[in-house]
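Chemist: There's a structure below that I have some questions on.
Number of protein chains: 2
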Amino acid sequence: MADPTTIAAPRRVRVGDYLIERLRDLGVGHVFGVPGDFVLGFMHKIERSELTLVNTCDEQGAGFAADAYARMRGLGVVCVTYGVGGLKIANTTGQAYAEESPVVVVSGAPSLAERALHPLIHHKVRGYDTQLRVFEQLTVASTVLGDSETACREIDRVLAVALREKRPVYIELPRDMVDAEVVAHAAPPLPPEVSDPAVLAAALAEATARIAAARRPVIVLGVEVQRFGLTEAALRLIERTEIPTAVTLLDKSAIGERHPSFIGLYAGALGRDEVREYVEGSDCVLLLGALLTDLNLGGFTARLDPARCIHATRGRLEVGYHVYERVQLTDVVDGLAAADLPRRDPSRAPRPAPIAPVENGRPDAPITVARLFGRLAAFLSDDLIVIADPGDALFGAADLPVGRSPGFLAPAYYASLGFAVPAAIGAQLAAPGCRPLVLVGDGAFQMTGVELSTAVRYGLNPIVVVLNNGGYATERLILDGAFNDVLPWDFARLPDLLGAGRGFRVETEGELDAALDAASAETETYCLLDVRLDPKDVSPALRRLAGRLSTAAAGAGSVSEP
Amino acid sequence: MADPTTIAAPRRVRVGDYLIERLRDLGVGHVFGVPGDFVLGFMHKIERSELTLVNTCDEQGAGFAADAYARMRGLGVVCVTYGVGGLKIANTTGQAYAEESPVVVVSGAPSLAERALHPLIHHKVRGYDTQLRVFEQLTVASTVLGDSETACREIDRVLAVALREKRPVYIELPRDMVDAEVVAHAAPPLPPEVSDPAVLAAALAEATARIAAARRPVIVLGVEVQRFGLTEAALRLIERTEIPTAVTLLDKSAIGERHPSFIGLYAGALGRDEVREYVEGSDCVLLLGALLTDLNLGGFTARLDPARCIHATRGRLEVGYHVYERVQLTDVVDGLAAADLPRRDPSRAPRPAPIAPVENGRPDAPITVARLFGRLAAFLSDDLIVIADPGDALFGAADLPVGRSPGFLAPAYYASLGFAVPAAIGAQLAAPGCRPLVLVGDGAFQMTGVELSTAVRYGLNPIVVVLNNGGYATERLILDGAFNDVLPWDFARLPDLLGAGRGFRVETEGELDAALDAASAETETYCLLDVRLDPKDVSPALRRLAGRLSTAAAGAGSVSEP
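Chains A and B are the protein sequences, given in the same order.
Letter by letter, the first sequence follows residues 96 to 657 of the working numbering.
Letter by letter, the second sequence follows residues 96 to 657 of the working numbering.
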């Protein structure tokens with residue numbers, strides 16, 4: 096037995112190895128990226144580590160995949176080279192920031208020696224700090240690992256902020272630091288974010304009293320419930336009280352949609368009328384971790400009276416007009432789940448829309464948006480995870496009955512086109528038991544659809560439904576022009592280009608049934624369904640939303656005719 | 096006749112129309128972009144204007160196309176929506192900054208009213224100014240057109256800076272400002288950048304004396320000669336003195352390569368030895384507008400003695416160790432062209448490498464990199480403009496004898512993969528008489544190659560040569576791993592996906608000849624040559640350069656084995 100008075104020799108470690116260790120310890124299994132000379136040394140290390148390196152076609156794909164991975168697994172990593180790699184993921188990092196997804200951006204960079212000696216090294220924009228300055232705008236913490244003394248602490252600090260804030264962070268790794276040997280002293284933990292006990296007690300007391308006294312309370316789950324790992328606590332509250340529960344678009348599938356207390360999606364005019372009326376008619380709307388964005392609120396068609404709301408978000412609880420600060424969302428949800436609240440009779444609450452029965456009697460009928468989503472609703476199973484790109488793919492998917500939780504991914508606030516296909520790669524690697532069902536418009540597919548190449552390379556098998564209607568349907572409803580057209584591709588021929596996959600052209604209901612059956616049976620590779628829709632045929636939800644957005648734009652004067 | 100004492104009523108104009116007018120007056124004919132709701136109003140205006148709107152598959156493609164257009168035509172425009180559009184072109188804008196290409200970024204944005212009323216509008220990252228802050232890092236001037244009083248002046252100011260600095264600028268157009276009617280008062284012109292006459296006279300006197308006294312002077316043309324429109328003045332100097340003239344990689348084709356004074360590419364170990372020896376052995380190297388970057392200097396294998404150099408760049412002239420400030424590049428080149436300098440005897444200077452004779456006797460021989468470029472050299476004609484992606488496509492192309500000036504485009508400093516295919520769209524629209532010959536690696540093609548969709552849509556006909564060697568060949572020579580592999584695509588099948596174009600698979604010399612002949616004859620659409628190369632077969636230039644980069648990296652400790 097070692098003499099307890101002996102001081103252990105400090106552990107020495109290389110900076111690149113320490114970063115890999117810490118990521119692994121935090122549950123990361125995959126790193127998404129594209130190589131480049133400034134990051135080859137670190138990628139070489141990853142390749143020999145327990146982490147799996149996943150190379151996408153373009154950095155944009157890696158950024159979206161890491162975002163999806165983070166949403167599923169709690170932390171995602173994208174690894175790129177300097178400048179030409181880093182700046183390509185400004186947008187995907189911006190989305191992770193907006194939608195609270197903890198993505199670690201690791202960028203290789205010129206060595207410290209190169210920086211000192213040469214003003215004009217390739218991949219440099221303005222100064223050597225240009226990329227850092229850009230990412231300071233898009234992340235909650237950033238560091239350049241330029242100092243052996245502090246490198247390990249900086250890694251710890253930045254990763255801790257990502258986990259606490261659930262937002263992206265930036266780590267720049269000069270190539271001469273990858274193998275620099277340093278003392279592995281861990282950073283002191285971040286000061287915990289704790290509630291002020293007195294404020295918390297008062298806040299919970301008022302909230303509990305309000306809920307208990309309400310005639311017809313309702314819960315609306317928002318995205319922070321999933322991000323902060325509060326799904327279980329929220330379920331305890333729901334199951335103890337049987338309060339009817341809706342979700343926002345950004346948090347769809349926070350609760351399995353066969354749950355007896357689930358009533359549907361609340362999103363103003365975007366959701367079903369009976370859910371909107373039930374929520375807006377409630378005398379106590381308990382919003383848990385919901386972001387009140389324009390899309391979550393159906394283009395601001397939602398009508399929530401703040402006086403009748405209890406709104407819990409990170410670090411803050413509003414009960415009517417009373418604002419409580421220094422109260423943590425975790426403590427509020429736990430507190431309400433443990434509170435003495437009466438059990439409700441859920442019988443008067445709306446039930447989720449029944450799945451439209453799928454008759455098989457019209458195999459030659461041209462496929463419509465409504466029939467497509469009706470058929471997909473019947474096709475859903477708990478091993479499928481639905482991933483929707485912005486546009487009618489997302490709006491149409493809003494009412495799909497997703498039983499799995501989490502079982503739905505979409506950038507329903509920041510709304511960057513091109514997310515869904517690369518996200519499917521990240522999601523399936525994060526949750527190997529599932530198979531992605533990707534819904535994506537033709538315009539968005541032309542942005543990032545070739546990332547199915549990455550699915551082939553890593554043996555993944557998403558089912559990809561391309562809503563092919565000749566362009567940007569959402570925008571046509573706001574203001575149309577040739578700019579909303581895209582070149583008609585023969586999407587089902589993608590397997591010919593990639594040398595793998597199965598493609599199906601779907602023009603009728605019968606062809607859709609056949610293609611979905613074939614996709615079910617074909618589990619070895621991706622299946623792509625090119626679903627040819629009438630360009631004027633959009634989901635009712637989109638029609639309502641676009642009407643609202645169009646009115647808003649015209650009112651602002653931007654699209655009126657001169 | 097109007098009474099001259101009458102003051103003309105101030106012209107009233109809508110902000111969006113004024114921006115379009117000014118772009119048109121500055122020679123812009125095309126705007127590249129992808130629509131989104133915040134920019135629909137402005138795109139609608141463009142569509143009804145004299146400008147042609149060119150919609151690419153992804154914003155990245157639009158950014159690269161606008162960059163190429165700017166290099167060919169003096170100003171380029173990329174137009175995108177807020178957030179999801181703007182942040183996707185951070186990288187292409189960074190490249191335009193690094194390589195001095197005047198690109199105007201026009202981004203739609205939420206209305207001023209929306210910003211005031213709602214904290215969470217879609218496509219927003221952190222604050223409404225996040226995108227502006229990012230572009231401040233990547234441009235030389237930026238503005239948000241939020242004030243009717245100043246909108247026209249701001250447009251003038253920002254465009255003037257782009258033209259003066261030859262670098263990108265950023266204009267954010269809130270959607271409620273597009274049709275705001277304002278008084279069209281132009282901004283006062285920027286103060287001209289003039290030389291200090293006394294400094295200029297002294298600088299020219301010393302430079303002229305040095306050149307006149309030199310035994311064997313040589314000129315090296317750099318990128319600023321083309322950017323600042325000094326090609327004609329430089330040619331006057333060259334033709335009056337017959338001083339042998341080389342170019343840097345970033346400025347290849349600044350002078351037609353059949354010009355009697357042209358000796359070849361100067362790029363350290365990257366160029367041919369006789370050019371390097373001639374330049375480095377000269378007692379007076381006149382560098383005109385050259386950026387001394389690592390790639391221009393062949394990975395710092397160049398050995399230029401500053402004591403024997405005259406180095407003219409924007410605003411500065413170095414004669415040996417004498418630095419003259421406040422002298423403009425234009426004045427220096429004009430001054431030298433008009434100076435009394437002796438005529439030289441060019442007979443001892445190296446001549447450009449003769450084109451390797453193409454024997455037709457080995458049609459079954461597998462194609463090699465050397466034979467590919469030999470055959471392309473013979474294929475070149477003055478209606479072709481060569482566009483090379485970074486990597487061996489660029490290095491192999493370095494010695495192609497480009498007769499047209501300008502006839503060569505490549506991001507030879509910033510080196511962002513994926514440039515060449517979208518750049519071909521911008522270049523051909525900027526110079527309709529030319530046909531692009533695109534050289535691109537398989538890895539880079541997987542990033543942006545589907546932008547050939549845009550070529551189809553706008554009736555363009557590039558010839559695209561994919562150097563298909565199974566991955567990132569340049570990186571393999573530095574440090575190899577599975578991360579340098581890409582999925583083998585059947586590139587010649589792209590026309591099946593896009594529904595247009597011609598594809599050729601090339602494995603032998605005979606197939607290359609046949610494909611090039613067919614591509615010559617097929618002028619209605621793009622032609623794609625999938626040239627299957629041995630993964631280990633790279634150009635000699637790349638082998639030399641990678642050796643240098645590898646040594647640098649190993650010396651810096653990043654890729655050594657632990």
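All C-beta atoms in this analysis are idealised placements derived from N, C-alpha and C, irrespective of residue type, glycine included.
1) Anything in the region 383 to 397 of chain A with a Cβ closer than 9 Å to a Cβ of chain B? List those residues in chain order, please.
2) Who are the near neighbours of B:L386 in its chain, counting only those whose CB is closer than 7 Å to its CB and skipping five residues on each side?
3) Closest Cβ-Cβ distance between B:D132 and chain A: below 7 Å?
4) Please check if any C-beta of chain B sits within less than 7 Å of the C-beta of A:K631.
5) Using a Cβ-Cβ distance under 7 Å, would A:C622 count as near chain B?
6) Is there a C-beta anywhere in chain A that falls below 7 Å from the one on B:R638?
7) What is the DSSP secondary structure of A:V315, counted as helix, strand or coil?
8) Just how far apart, CA to CA, sit B:E301 and B:V414?
9) Could you tell me whether the Cβ atoms of B:R438 and B:E602 are closer together than 7 Å?
10) For the region 112 to 123 of chain A, which residues have a CB atom closer than 9 Å to at least one CB atom of chain B, in sequence order?
11) Short check: CB of B:R627 to CB of B:N563, under 7 Å?
12) Between the C-alpha atoms of B:D591 and B:E617, what's the straight-line distance to the nearest angstrom?
13) Report, in whole angstroms, the separation of the C-beta atoms of B:G393 and B:G363, which I expect to be a contact under 8 Å.
14) Would you say B:A649 lies against chain A (beta-carbon separation less than 7 Å)?
15) Going by alpha carbons, who is nearest to A:L555 out of A:E369, A:D575, A:G528?
16) Can you find a CB in chain B that lies within less than 7 Å of the CB of A:I482?
17) Just checking my contact of A:A204 with A:K347 at CB under 8 Å: how many whole Å lie between their CB atoms?
18) Are the CB atoms of B:Y192 and B:A525 nearer to each other than 7 Å?
19) According to a CB-to-CB cut-off of less than 7 Å, which residues of the region 578 to 589 of chain A neighbour chain B?
20) Examine chain B for any beta-carbon lying closer than 7 Å to the beta-carbon of A:Y265, and answer yes or no.
21) Report yes or no: do three or more beta-carbon pairs, one from the region 262 to 278 of chain B and one from the region 201 to 220 of chain B, lie closer than 8 Å?
22) What did DSSP end up calling B:I216 once you bin it into helix, strand or coil?
23) For a quick check, are the C-beta atoms of A:P517 and A:V278 less than 7 Å apart?
24) Nearest-angstrom Cα distance between B:A407 and A:G136?
25) Can you list the alpha helix (DSSP H) stretches of 4 or more residues lying completely in the region 544 to 591 of chain B, in chain order?
26) Compare the C-beta of A:D487 with all C-beta atoms of chain B and state if any pair is closer than 7 Å.
27) Using beta carbons (cut-off 7 Å, strictly below), is A:A510 in contact with chain B?
28) Strictly below 8 Å CB to CB, what residues from chain B border A:I520?
29) Is it buried or exposed for A:Y416, if we count other Cβ within 10 angstroms and need 16 for buried?
30) A:H139 by DSSP, collapsed to three states: which one?
31) Show which residues of chain A have a CB atom less than 8 Å away from the CB atom of B:H213.
32) To which residues does DSSP link A:H417 through a beta bridge?
33) So which residues on chain B does A:E570 lean against when the C-beta distance must stay under 7 Å?
34) Is there a Cβ of chain B sitting closer than 7 Å to that of A:Y192, yes or no?
35) Within its chain, find whatever has a CB closer than 8 Å to the CB of A:V175; leave out the 5 residues flanking it on each side and keep chain order.
36) Can you give me, in chain order, the residues of the region 239 to 265 of chain B that have a beta carbon less than 8 Å from any beta carbon in chain A?
Modeler: Walking through what the data contain:
1) L386, L387, T388, D389, L390, N391, L392, F395
2) G317, V318, L345, Y508
3) yes
4) no
5) no
6) no
7) strand
8) 7 Å
9) no
10) D112
11) yes
12) 17 Å
13) 2 Å
14) The predicted position of B:A649 is uncertain, since its pLDDT is 47 and thus under 50; a value taken from the coordinates is nonetheless stated next. For B:A649, the answer is no, since every Cβ of chain A falls outside 7 Å of its Cβ.
15) A:G528
16) no
17) Not a contact, Cβ separation roughly 39 Å.
18) no
19) F578, N579, L582, P583, W584, D585, R588, L589
20) no
21) yes
22) coil
23) no
24) 38 Å
25) 547 to 552, 568 to 571
26) no
27) yes
28) The premise fails here: A:I520 is roughly 13 Å from chain B at the closest Cβ pair, so nothing lies under 8 Å.
29) exposed
30) helix
31) D389, F395
32) A:V414
33) P130, D132, L135
34) yes
35) G128, V129, G131, V134, E154, A157, G181, K183, I184, V200, V201, S202, G203
36) none
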